[in-house]
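In the UniProt record's numbering, the protein residues as written are 1 to 669.
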């Protein structure tokens, strides 16, 4: 969620008065800080003079703002990686962002207690949680500076607007005002527990699992300690006071599996209000370890911790859990039947929250007059995610584009693709499917039931739900909005950034550091027919590859196919197609009329043979192309007049080749 302090709810334009007050407030706050510091620096004359000079400059800026002579856009910044809501409002920088505060009512006064919101990474999930905490959290706990002012945001503006014409409201508006009033009554009223389960590496060993669980315990302990410092323990029942101290001191003998529920009970006893529980990145412990599932130690701990906190917790007001997968519903909390799930297929009221609309991006561009990127370019590169009835831009990429004033992939360039690449290396059928989908030659559909039941109780079945995983990760989107009657969901690549991401996935089959050089060599090969250019690239890739991945002929096939598919986007790259009396390994067919040469490649692999035997194996591969008449497939292509038949033989990191050129006889049909 990216919020905008500079918008109005209807037309997305900012009033100059509000913006002026905003800038003035920031400058006056800075000036106040300046005035306080010289007392601490009495012996540092130079620094004092510098601070006084800065104070005069800030006074001058305030005067210019009051007189309307200071341009607001001079100090506007675009938040990239800013997760804390209060920083957007009262940080050192003046940020432009899109306001989602009206959606607070859909969390705080809805009939739902437990929310599970699933979206791809870097779509504003953490910021949305921090906004809830800033709005409803108790100031003495979250900090006065974090207790953000919401009167000038959309929720506050809408409340004032409806109250001002209360006598003439329609029935729908009266219901809305009632909900907003109830929402406003939760303002700074509830104790909050904010936890992030984020981890840089998913635990896969017993030691790593224990370390991760210990880290979660430490985070819970830190929350408890923060409350212990502001709570008068004498006002708590002795048993609860003792339990708070036990959790806050992170004692080994502490019973952790009910610690969150016990914290809710303690806070209810002290504040008289139920707790709001906010959990971010709940599934990060499995995102990087998809094929292995969740370690048993982690799963047992999290299942008991979250079940006790979210199920039949009389001291819980609301819980919002953020992540990317449904593992919490189908694995950790399979028995929890009162959780409301919002995902990219069935987003509910939160459909437009985690992304930008076309109007919102247009508004953001206007905040940066010097922006060199046009709306149409951003639309092609970053837009296309279908979420409910909304068509959204990737917010991370949009903000990064405006921040850096350049159009390029931002979200995809920061993604972790290890699991996807491993799947493509291990499963050639999926590799072919992905390659055809990328070129628009294949239609991919998934069943709605797959989205709802993607994971079983024991492990993530990544092999069976590869495309669902890509959908949840943000690499693909649904082709059109879904309703209750939808059974099959067609997928599509949303935009130019993801098209490049798919190309990078395919080129990622080649070891990193070798891909850029491959492109030049491969394209030189198809232009000139010089086999040495291709073999040079093949040798580079094979030498850089892990020997563990070079055990079968299929291993070399996958690597070579990925390299060719990524480096020849304007060619037909066909694999294991039927022609003549059998099935060729690889075929390269030009699509441009000016290119006349096609390529047929046959691969062979044998372990532990010398160079002479390897050369004979390459000749055997070439002979197979001729004997099986694999070149027959080229007779249907009018622009192809010659074919290069190439036999490649591999043994570990060694490669030999044999080739010949032939003319292609066109079919009489």
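Note that beta-carbon positions come from the ideal geometry of N, C-alpha and C, so glycine has one too.
TODO: Put residue 77 into one of helix, strand or coil per three-state DSSP.
DONE: strand
- [ ] Check whether the Cβ atoms of residue 600 and residue 655 lie closer than 8 Å to each other.
- [x] no
Task: Nearest neighbour of residue 467, chosen from 127, 481, 438 and 485 [CA to CA] - done: Closest option to residue 467, Cα to Cα, is 438.
Task: Straight-line gap, residue 446 to residue 143 (C-alpha atoms, nearest Å) - done: 47 Å
TODO: Quick one: give me the first and last residue of the beta strand (DSSP E) that residue 295 is part of.
DONE: Unbroken run through residue 295: none, as it is neither H nor E.
Task: Option in 241, 127, 297 and 190 with minimal Cα separation from residue 208 - done: By alpha-carbon distance to residue 208, the top candidate from 241, 127, 297 and 190 is 297.
Open item on the list: I'd like to confirm the pairing. Which residues does DSSP put opposite residue 657 in its beta bridges?
Closed with: 648
Task: Through-space distance from residue 96 to residue 82, alpha-carbon basis - done: 12 Å
TODO: Take residue 634 as the anchor and find which of 127, 353, 584 and 139 has the nearest alpha-carbon.
DONE: 584
Task: residue 397 (DSSP reduced to helix, strand or coil) - done: helix
Task: Validate contact between the region 158-166 and the region 245-264 using beta carbons, cut 8 Å, 3 pairs - done: no
Task: Proximal residues to residue 480 (C-beta, below 7 Å), its chain only, five neighbours per side dropped - done: In the same chain as residue 480, and ignoring 5 residues on each side of it, the C-beta atoms closer than 7 Å to its own belong to 386, in chain order.
Open item on the list: Is any non-hydrogen atom of the ligand MG found closer than 7 Å to the C-beta of residue 310, if you look at the structure I gave you?
Closed with: Within the structure as shown, the ligand MG is missing, as the structure has no ligands at all.
Task: Reference residue 316, options 232, 108 and 617, closest by Cα - done: 108
TODO: Can you grab the Cα-Cα spacing for the pair residue 280 / residue 319, in whole Å?
DONE: 11 Å
- [ ] Grab me the residues of residue 313's own chain with a C-beta within less than 7 Å of its C-beta, minus the 5 sequence neighbours each way, in chain order.
- [x] Closer than 7 Å at the Cβ level, and outside the excluded window around residue 313, lie 261 and 264.
Task: Per DSSP, cross-strand counterpart(s) of residue 670 - done: Given a span of 1 to 669 for the chain in the structure shown, any question on residue 670 remains unanswerable.
Task: residue 355 versus residue 133 - alpha carbon distance - done: Their Cα atoms are separated by approximately 21 Å.
Open item on the list: For a test of the three-state rule: what should DSSP assign to residue 501, helix, strand or coil?
Closed with: Residue 501 sits in a helix when the DSSP states are folded into three classes.
Task: Same chain, Cβ closer than 6 Å to residue 177, neighbours up to 5 away in sequence not counted - done: 162
Open item on the list: Alpha carbons only, please: which of 362, 186, 487 and 376 is nearest the one belonging to residue 272?
Closed with: Here the closest residue by C-alpha is 186.
- [ ] Sort 110, 434 and 85 by Cα distance to residue 125 and report the nearest one.
- [x] 85
TODO: Could you tell me the boundaries of the alpha helix (DSSP H) in which residue 562 lies?
DONE: Element bounds for residue 562: 553-567.
Open item on the list: Using the Cβ count rule (16 or more neighbours within 10 Å means buried), how would you classify residue 608?
Closed with: Exposed is the call here.
Open item on the list: Checking 8 Å against the spacing of the C-beta atoms, do residue 405 and residue 372 come in under that value?
Closed with: yes
Open item on the list: Rounded to whole angstroms, what is the Cα-Cα separation between residue 637 and residue 595?
Closed with: 11 Å
Open item on the list: On a Cα-Cα basis, can you pick out the residue from 649, 220 and 519 that is closest to residue 623?
Closed with: 649
Task: Three-state secondary structure assigned by DSSP to residue 218 - done: If DSSP states are grouped into helix, strand and coil, residue 218 belongs with the helices.
Task: Reduced DSSP secondary structure (H/G/I, E/B, other) of residue 638 - done: In this structure, residue 638 counts as coil in the three-state DSSP scheme.
TODO: Let me know the secondary structure DSSP gives residue 355 once reduced to three states.
DONE: Residue 355 falls in the coil class under three-state DSSP.
TODO: Use the C-beta contact count for residue 89: other C-beta atoms within 10 angstroms, 16 or more gives buried, fewer gives exposed.
DONE: buried
Open item on the list: Could you compute how far the alpha carbon of residue 640 sits from the alpha carbon of residue 482?
Closed with: Approximately 44 Å, taken between the alpha carbons.
TODO: Could you check which residue in 121, 170 and 472 has the C-alpha nearest to that of residue 198?
DONE: 121
Open item on the list: Considering Cα atoms alone, identify which of 474, 188 and 647 is closest to residue 323.
Closed with: Relative to the Cα of residue 323, the nearest Cα in the group 474, 188 and 647 belongs to 474.
Task: Every unbroken alpha helix (DSSP H) within the region 80-144, with a cutoff of 4 residues, ordered by chain - done: 85-90, 104-108, 125-136 and 139-142
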